[in-house]
Each structure stands twice: as C-alpha cells, then as structure tokens.
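Chemist: My structure is below; once you've seen it, I'll send some questions.
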Amino acid sequence: MLQLKNIYKSINYHVIFENLNLTFPSSGLFFLVGDNGCGKSTLLYIIAGLDNSYAGDYLFDGKKMKDCSEKELDRMRRKEIGVLFSRGNLFDFMDVNENRNFDLKDTPLNLVSLSNDQPVHFLSGGEELLLAMENEFAKHKKIYLLDEVTSALDEQNLNAVMDILIKQSKNSLILMATHDRRIMNCAKNILISSITNFHQTSEE
Numbered sequence: 026m027l028q029l030k031n032i033y034k035s036i037n038y039h040v041i042f043e044n045l046n047l048t049f050p051s052s053g054l055f056f057l058v059g060d061n062g063c064g065k066s067t068l069l070y071i072i073a074g075l076d077n078s079y080a081g082d083y084l085f086d087g088k089k090m091k092d093c094s095e096k097e098l099d100r101m102r103r104k105e106i107g108v109l110f111s112r113g114n115l116f117d118f119m120d121v122n123e124n125r126n127f128d129l130k131d132t133p134l135n136l137v138s139l140s141n142d143q144p145v146h147f148l149s150g151g152e153e154l155l156l157a158m159e160n161e162f163a164k165h166k167k168i169y170l171l172d173e174v175t176s177a178l179d180e181q182n183l184n185a186v187m188d189i190l191i192k193q194s195k196n197s198l199i200l201m202a203t204h205d206r207r208i209m210n211c212a213k214n215i216l217i218s219s220i221t222n223f224h225q226t227s228e229e
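Written out as structure tokens, the structure is:
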C-alpha cells in the first residue's frame, strides 16, 4: 500500500536520506527510532504529503504522491492519512463534545472519560492526546502518522495510548516516531534509523 523508492532528501546540503527504500503493509504498528536529526519527522512529513522536495518515488495505493495536486493531498489528509503530534489536533475554542463530533459522520469512540462541556484548554496533556486520538481513529483512516506523542505521558496514560494504538493497528497502518524507550516492547516492527537510511527489524 505504501512504498518509498530510492528516496533522496537533503536540507542545506545535509543528506537526510539517500537511496531510501521502504515498503509498508496495509496495517500494523511501526516505530521509527533514532537520534535527533536522523530524519524521523522528515519521513513522516514526506508520507503525509507535507514535503515533496525529495528525489525518488513515494507511492500511496499505487499512486505517485508527487503527481497529486494540493487539493488532492488535502483530501487525503482529511480522509485517508491522519497526522498527530504531542498536543493533538484539537480546537481550543470548542468543548470536549464539540471536538468529538466535529467533521465526524460515525459514532464517537469515547476512549477517554471526560465531561462533554469541559473546555479543551483545561485538559491535561494525556487527556488532550487521548481525545485527539479518539477523534482521528473514529474516522477510520488508512494511515496514522504520530510524532513524539508519548514522551510526556505518565504511565497510566501511556498504557491507555498504547492499548489504543495496538487495537487500531489491526485495521490501519501506524507509523510512530519516538524516543520513548518505555514502548519498545509494544510493537513487533521497528525501523532503526541511521543518518541517511532506515532498516527494518522484526521482533517476535
């Protein structure tokens, strides 16, 4: 479903990827780990269609992403590719219930117990992240891209997040850039990064 072929990417003459080749299945949980500056976030931006300043081919469902218009890419991010960061994608001016139901045709998942009329800016970091995940996963997208979403969470919220991710990964492909060593035993698939490429390991 998702293929990167001979990807070359540099920033200010610094090579991030060189001849990067990766193929992902339609579902599963993959961790992207490595030192700062190795390209974890850059890879997520490319896959999300937010960065097309690279050489090589990136194919999503057999279609070259560079051939897509900005309108097509926006539609894909609304319908097929979810992107989450540490603070989530919530509207601060809406309450919990309004965030839960915004742009959602299906029934909200209610993964976290919160008062519906509670203002979002009063939520803890863990509650905000869980609500954001609830919103995204209720849309049943094909791919979810997560960038450093667990490092600030306490153990209780971390366990809740990982339970959600493992369950969701049965139906979606989840790629998660992380430095959080607490979660390394939660996925069988890990992408270990060097400065210019990633190589895949499989842990049974």
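Mapping the sequence shown onto my numbering, position 116 (from 1) lands on 141, and the numbers just tick up by one.
Using N, Cα and C, we set each Cβ at its ideal position, and we do this for glycine too.
1) Would you call K195 buried or exposed, if buried means 16 or more other Cβ atoms sit within 10 Å of its Cβ?
2) Is the beta carbon of I72 closer than 8 Å to that of L190?
3) Counting only the same chain and skipping the five closest in sequence on each side, list residues whose C-beta sits under 8 Å from that of Y33.
4) Starting from D172, follow its DSSP beta bridges and name the residues at the other end.
5) Apart from the five residues just before and just after N182, which ones in its own chain have a Cβ nearer than 6 Å to its Cβ?
6) So, at 7 Å on beta carbons, what are the nonlocal neighbours of G68 in its own chain, with the 5 sequence-adjacent residues on each side left out?
7) Cα separation between L155 and V186?
8) Out of T203, K65, V108, R100, which one is the CA nearest neighbour of F162?
9) Any beta-carbon of chain D closer than 8 Å to the one on Y38?
10) CB-CB under 7 Å to D179, same chain, minus the five flanking residues each way: which ones, in chain order?
11) Could you pull the DSSP bridge partners for T48 from this structure?
12) Can you check DSSP and say which residues form a bridge with A80?
13) Let's test the definition: count the other Cβ atoms within 10 Å of the Cβ of K65 and tell me whether it reaches 16, buried, or not, exposed.
14) How would you write the range of the alpha helix (DSSP H) that G151 sits in, first residue to last?
15) Could you tell me whether the Cβ atoms of L27 and F49 are closer together than 8 Å?
16) Take S176 as the anchor and find which of H204, G74, K89 has the nearest alpha-carbon.
17) What's the gap between the Cα of D188 and the Cα of E159?
18) Going by C-alpha distance, which of R207, L198, I168 is nearest R103?
19) Which same chain residues end up closer than 7 Å to E105 when comparing Cβ atoms and leaving out the 5 residues on each side of it in sequence?
Modeler: Looking at the coordinates:
1) exposed
2) no
3) V40, F42, E43, N44, L45, Y79, A80, G81
4) F110, A202
5) G151
6) Note on residue identity: the sequence assigns Leu, not Gly, to residue 68. Excluding residues within five positions, the ones whose Cβ falls inside 7 Å are L57.
7) 7 Å
8) V108
9) Absence of chain D from the displayed structure is noted, only one protein chain being present.
10) G151
11) Q28
12) Y33
13) buried
14) 150-162
15) yes
16) H204
17) 12 Å
18) I168
19) K166, K167, I168
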